[in-house]
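**Student:**
Residue numbers (this note's numbering), protein chains in the order written: chain A, 9 to 132; chain X, 4 to 183.
In structure tokens:
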């Protein structure tokens with residue numbers, strides 16, 4: 009392995025750490041959990057996850073059809089999705105700030121974020 | 004190289020790249036993160052850059068993604084556009100890095116390992132860029148740290164495989180036949 013290779017690997021690791029600090033760290037706080045569901049980048053549903061009282065199923069329409077998102081106090085998951093590979097369903101329940109469920113085929117993103125840091129401040 | 008011979012070799016390399024592409028989907032990874040792959044087909048792109056030139060390598064990469072997606076039934080869906088962008092980005096960056104140095108194509112400051120890792124990074128960034136355009140949400144970049152870190156071991160592995168392959172071709176005298 010040459011010097012330039014080691015420099016390249018070092019740069020990649022530094023970039024990865026930088027990306028981690030920018031995208032993941034601000035979300036690691038103890039404030040109430042909010043969840044947002046967006047289709048094609050447009051928020052269609054938002055709620056305080058911590059304050060939910062019971063379990064609920066939400067129908068979210070995407071380009072492929074209707075996905076079913078399940079919420080319960082403090083957690084959210086993709087219950088059913090019409091996409092071909094079901095990565096979003098395999099993600100399971102998410103319950104921590106910064107966690108994410110992404111369904112690229114049906115253009116749906118489910119995100120948990122702390123109250124003081126709306127995802128819109130990053131998106132815009 | 005004779006053009007018929009080159010055409011045949013390119014066809015063989017495309018076929019091998021497609022097989023590797025389909026084969027690696029069968030290997031279970033210890034951490035099942037969507038988008039993280041070994042990138043074995045990248046070996047063929049690099050081999051094409053060594054044996055032929057940038058144009059042929061790009062042709063092989065493009066044919067591999069188009070034909071590979073036809074075979075796996077993902078043609079013109081999102082997975083196709085992601086792997087297409089990834090393959091093109093990787094070919095561009097690896098060809099660029101190989102041309103560095105005083106004698107372009109011969110003494111790049113990067114070894115095969117470095118070039119292969121850079122290719123893995125470019126492949127992942129190309130995929131993420133397309134995904135973020137399609138999904139219109141910056142949240143997709145939450146995958147960025149994972150994709151960047153995973154590029155290092157996967158790029159190292161494909162780089163090592165390529166190095167061994169080139170050593171073998173060199174030792175058995177087959178590499179000289181290509182330059183003839």
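The C-beta atom is built at its ideal place from N, Cα and C for all residues, glycine as well. Bear in mind the structure is a predicted one, so any value in this text is a computation, not a measurement.
1. May I ask you to verify whether the segment 158 to 175 of chain X touches the segment 127 to 140 of chain X, counting CB pairs closer than 8 Å and requiring at least 3?
2. Between residue 119 of chain X and the rest of its own chain, which residues show a CB-CB distance below 6 Å, the 5 nearest in sequence each way excluded?
3. So residue 108 of chain A packs on residue 145 of chain X, CB below 8 Å; how close in whole Å?
4. In angstroms, rounded to a whole number, what distance separates the CA positions of residue 61 of chain A and residue 94 of chain X?
5. Using a Cβ-Cβ cut-off of 7 Å (strictly less than) and excluding sequence neighbours within five positions of residue 72 of chain A, which residues of its own chain qualify?
6. Applying the 10 Å Cβ sphere with the 16-neighbour rule, what's the burial state of residue 30 of chain A?
7. In whole angstroms, what is the alpha-carbon distance linking residue 30 of chain X and residue 59 of chain A?
8. Exposed or buried, residue 129 of chain A, counting other C-beta atoms within 10 Å across all chains shown (16 or more means buried)?
9. From which residue to which residue does the alpha helix (DSSP H) around residue 93 of chain A run?
10. Report the rounded CA-to-CA distance for residue 62 of chain X versus residue 54 of chain A, giving the unit in angstroms.
11. Counting Cβ pairs, one atom from each stretch, are 3 or more of them under 8 Å apart for the segment 73 to 85 of chain X and the segment 41 to 54 of chain X?
12. Three-state secondary structure (DSSP) at residue 85 of chain A?
13. Just the C-alpha distance for residue 110 of chain X and residue 70 of chain X, rounded to the nearest angstrom, thanks.
14. Ordered along the chain, which non-local residues of its own chain (more than five positions away) have a Cβ less than 6 Å from that of residue 64 of chain X?
15. Quick one: is residue 104 of chain A near chain X, going by C-beta distance under 7 Å?
16. Below 7 Å on C-beta distance, what does residue 115 of chain A contact in chain X?
17. Any Cβ of chain D within less than 7 Å of the Cβ of residue 13 of chain A?
18. Grab me the residues of residue 96 of chain A's own chain with a C-beta within less than 6 Å of its C-beta, minus the 5 sequence neighbours each way, in chain order.
19. Rounded to a whole number of angstroms, what is the C-alpha to C-alpha distance between residue 24 of chain X and residue 42 of chain A?
20. Would you kindly report the start and end of the unbroken beta strand (DSSP E) that includes residue 29 of chain X?
21. With a cut-off of 8 Å on the beta carbons, I'd call residue 57 of chain A and residue 84 of chain A a contact; round off their distance for me.
22. Reducing DSSP to helix, strand and coil, say where residue 170 of chain X ends up.
23. Would you say residue 46 of chain X faces chain A, with C-beta separation under 7 Å as the test?
24. How many angstroms separate the CA atom of residue 132 of chain A from the CA atom of residue 148 of chain X?
25. Based on DSSP bridge pairs, tell me the residues matched to residue 56 of chain A.
26. What does the alpha-carbon distance come out to for the pair residue 51 of chain A and residue 103 of chain A?
27. Could you check what DSSP says for residue 112 of chain A in three-state terms: helix, strand or coil?
28. By Cβ distance below 8 Å, which residues in the same chain neighbour residue 103 of chain X in space, the five residues on each side in sequence not counted?
29. Can you pull the chain X neighbours of residue 16 of chain A, defined as C-beta to C-beta under 8 Å?
**Tutor:** According to the structure data:
1. They do not touch, by the three-pair rule.
2. Locating residue 119 of chain X in the second chain gives position 116, where the first residue counts as 1. Taking C-beta separations shorter than 6 Å and ignoring five residues to either side along the sequence, the partners of residue 119 of chain X in its chain run 158, 161 and 162, following chain order.
3. As a first step, residue 108 of chain A must be located in the first chain, where it is residue number 100. As a first step, residue 145 of chain X must be located in the second chain, where it is residue number 142. Yes, they are in contact, since the Cβ atoms of residue 108 of chain A and residue 145 of chain X sit about 5 Å apart, within 8 Å.
4. Residue mapping note: residue 61 of chain A aligns to position 53 of the first chain, counting from 1. Residue mapping note: residue 94 of chain X aligns to position 91 of the second chain, counting from 1. One C-alpha to the other measures close to 52 Å.
5. For the purposes of this step, residue 72 of chain A is identified with residue 64 of the first chain, where counting begins at 1. So the qualifying residues of the chain are 90, 91, 113 and 114.
6. Start at 1 with the first residue of the first chain, and residue 30 of chain A comes out as number 22. When all chains shown are included, residue 30 of chain A counts as exposed.
7. Taking the second chain and counting its residues from 1, one reaches residue 30 of chain X at position 27. Taking the first chain and counting its residues from 1, one reaches residue 59 of chain A at position 51. Looking at the two C-alpha atoms, the distance is approximately 42 Å.
8. For the purposes of this step, residue 129 of chain A is identified with residue 121 of the first chain, where counting begins at 1. Unreliable positioning characterises residue 129 of chain A in this predicted model, as indicated by a pLDDT of 48, which lies under 50. A coordinate reading is not provided.
9. Residue mapping note: residue 93 of chain A aligns to position 85 of the first chain, counting from 1. Where residue 93 of chain A is concerned, there is no enclosing alpha helix (DSSP H), given that its DSSP letter is neither H nor E.
10. Against the second chain, residue 62 of chain X aligns to sequence position 59. Against the first chain, residue 54 of chain A aligns to sequence position 46. Spanning the alpha carbons of residue 62 of chain X and residue 54 of chain A requires a straight line of approximately 46 Å.
11. Taking one beta carbon from each stretch, the segment 73 to 85 of chain X and the segment 41 to 54 of chain X have fewer than 3 pairs nearer than 8 Å; the two do not touch.
12. For the purposes of this step, residue 85 of chain A is taken as the residue at position 77 of the first chain. The three-state secondary structure of residue 85 of chain A, taken from DSSP, is strand.
13. Your numbering for residue 110 of chain X matches position 107 in the second chain. Your numbering for residue 70 of chain X matches position 67 in the second chain. Here the C-alpha atom of residue 110 of chain X lies approximately 34 Å from the C-alpha atom of residue 70 of chain X.
14. For the purposes of this step, residue 64 of chain X is taken as the residue at position 61 of the second chain. Listed in chain order, the non-local C-beta contacts of residue 64 of chain X below 6 Å within the same chain comprise 48, 90 and 94, local neighbours out to five positions each way being set aside.
15. Taking the first residue of the first chain as position 1, residue 104 of chain A is located at position 96. Not closer than 7 Å to any Cβ of chain X, the Cβ of residue 104 of chain A fails to qualify, so no.
16. Residue numbering aside, residue 115 of chain A sits at position 107 when the first chain is read from its first letter. The contacting residues are 138.
17. Absence of chain D from the displayed structure is noted, the protein chains being A and X.
18. Counting from 1 along the first chain, the entry for residue 96 of chain A is found at position 88. Only 86, 89, 109 and 111 meet the Cβ criterion.
19. For the purposes of this step, residue 24 of chain X is identified with residue 21 of the second chain, where counting begins at 1. For the purposes of this step, residue 42 of chain A is identified with residue 34 of the first chain, where counting begins at 1. When rounded, the distance between both Cα atoms is 40 Å.
20. If you number the second chain from 1, residue 29 of chain X lands on position 26. Counting along the chain, no beta strand (DSSP E) covers residue 29 of chain X, and no H or E run does either.
21. Indexing the first chain from 1 puts residue 57 of chain A at position 49. Indexing the first chain from 1 puts residue 84 of chain A at position 76. About 6 Å separates the beta carbon of residue 57 of chain A from that of residue 84 of chain A, a gap short enough to meet the 8 Å contact definition.
22. In the second chain, counting from the first residue as 1, residue 170 of chain X sits at position 167. Three-state result, residue 170 of chain X: helix.
23. Here residue 46 of chain X refers to the residue found at position 43 of the second chain. Chain A, which has no Cβ nearer than 7 Å to the Cβ of residue 46 of chain X, makes this no.
24. In the first chain, residue 132 of chain A corresponds to position 124, counting from 1. In the second chain, residue 148 of chain X corresponds to position 145, counting from 1. Below a pLDDT of 50, predicted positions are generally treated as unreliable, and residue 132 of chain A, at 37, falls in that range; no measurement from the model is reported.
25. The count along the first chain starts at 1 and reaches residue 56 of chain A at position 48. DSSP lists A/42 as partners of residue 56 of chain A.
26. For this step, residue 51 of chain A is matched to residue 43 along the first chain. For this step, residue 103 of chain A is matched to residue 95 along the first chain. Residue 103 of chain A has its alpha-carbon roughly 19 Å from the corresponding atom of residue 51 of chain A.
27. Position 104 of the first chain, counted from the first residue, corresponds to residue 112 of chain A. In this structure, DSSP gives residue 112 of chain A a state outside helix and strand, which the three-state scheme calls coil.
28. What you label residue 103 of chain X is simply residue 100 of the second chain in a count that begins at 1. If we look at residue 103 of chain X and ignore the five residues flanking it on each side, its Cβ neighbours are 111, 112 and 113.
29. Indexing the first chain from 1 puts residue 16 of chain A at position 8. Those are 113, 117, 120 and 121, listed as they occur along chain X.
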